[in-house]
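In the numbering used here, the protein residues as written are 1060 to 1365.
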């Protein structure tokens, strides 16, 4: 009996590492709507998408697999897939890994759901067809080279939740000139935006006519000074079209009416700053009046007097 017990114990010790590994993480593959998803399920029954083989134009990432919630997209999960132009990321996913979508040359639009709290380095790097990205209000940082070389990117909103923008996060993205950097951002990495690689001169240089929108005495102003990029912040220009006019006053009145009836604030911190014309920390009808007065003044002022 003693020999049998010892043999059982020894066998259990040999098998134990394999049993633990199986309990901690198991790998599976499943075909959904023509896309083959590879994924793992960890010991907490959370699913991570680790790969996807698909030639579909649209990929819908499942919210659950085998009855368990998909909570993350792993490193390089969709790396260099050249077929799909749109992807649906479901609520419930909390993290997107490094290089998860980098090199997806046909991807055009991305909307990050509110559940996502982190995106990885080079997550969307070299997605040369990517035109617009909607970040959520939960993301605290845009990591290094996250959108680097997204040469078609022309619309992205950095939310007021973001406090960190990494090195070369938007390197080579010329079409986001005028990007708003909220005052919540306290660290901006080297060559984060407004810079590109000049092949002829074999050097990193400022993109011609690039500008950023930001509030004075913030990291945006410091970055602008360090790089020689123009910082644009014109009091009254709420819609950032370069003019102070009746449209801006309308925006202010609409925001004031909405907030006065208990609706949540829709202006971001930058819009609040330029809309608060009299600097009393409120955006109201008084500011709209000031903006209309300034608009009337500009209409009756010759260009030489401006």
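Think of the CB as a built atom: it goes at the ideal place given N, C-alpha and C, for glycine as much as any other residue.
This structure is a prediction, so every number in the text was calculated from the model and none was measured.
Checklist entry - Ends of the alpha helix (DSSP H) at residue 1282? => result 1278-1286
Next on the checklist: As an exercise, report each continuous beta strand (DSSP E) stretch of at least 3 residues that is fully enclosed by the stretch 1193-1271, in chain order.
Outcome noted: You should have 1214-1216, 1254-1257 and 1262-1265.
Next on the checklist: Which of the three DSSP states is assigned to residue 1336 in this structure?
Outcome noted: coil
Item to check | Extent of the continuous alpha helix (DSSP H) run through residue 1153 | outcome: Counting along the chain, residue 1153 falls outside any alpha helix (DSSP H), and DSSP gives it neither H nor E.
Checklist entry - CA-CA distance, residue 1189 and residue 1315? => result 35 Å
Next on the checklist: Alpha carbons only, please: which of 1134, 1186, 1279 and 1318 is nearest the one belonging to residue 1221?
Outcome noted: 1279
Item to check | Span separating the alpha-carbon of residue 1227 from that of residue 1254 | outcome: Taking the CA atoms as reference points, residue 1227 sits about 8 Å from residue 1254.
Item to check | Identity of the residue in 1177, 1328, 1218 and 1184 nearest residue 1028 by Cα | outcome: Not covered by the structure: residue 1028. The range shown for the chain is 1060 to 1365.
Item to check | Cβ distance (whole Å) where residue 1305 is taken to contact residue 1357 below 8 Å | outcome: No, residue 1305 and residue 1357 are not in contact; Cβ-Cβ is about 11 Å, not under 8 Å.
Next on the checklist: Please state whether the Cβ-Cβ distance between residue 1349 and residue 1336 is less than 8 Å.
Outcome noted: Yes.
Next on the checklist: Since residue 1120 and residue 1148 should fall inside the 8 Å C-beta cutoff, what is the C-beta to C-beta distance between them, to a whole number of angstroms?
Outcome noted: 6 Å
Next on the checklist: Quick check: the Cα distance between residue 1153 and residue 1174, rounded to an integer number of angstroms?
Outcome noted: 5 Å
Next on the checklist: Using 8 Å as the threshold, is the C-beta distance between residue 1294 and residue 1347 below it?
Outcome noted: Residue 1294 is not a Cβ neighbour of residue 1347, given a cutoff of 8 Å.
Next on the checklist: Quick check on this structure: which residue in 1310, 1322 and 1320 has the alpha carbon closest to the alpha carbon of residue 1331?
Outcome noted: 1310
Next on the checklist: Which of the three DSSP states is assigned to residue 1346 in this structure?
Outcome noted: helix
Item to check | Spatially closest choice to residue 1343 from 1355, 1320, 1285 and 1108, by CA coordinates | outcome: 1320
Checklist entry - Can you tell me whether DSSP reads residue 1056 as helix, strand or coil? => result This structure cannot settle anything about residue 1056, because the visible part of the chain is limited to 1060 through 1365.
Checklist entry - What residues are listed by DSSP as bridge partners for residue 1090? => result 1095
Checklist entry - Which same chain residues, not among the five before or five after residue 1080, have their C-beta less than 7 Å away from its C-beta? => result Per-residue confidence for residue 1080 stands at a pLDDT of 35, beneath the threshold of 50, marking its modelled position as unreliable; the derived number appears in the next sentence. Cβ within range, chain order: n/a, list empty.
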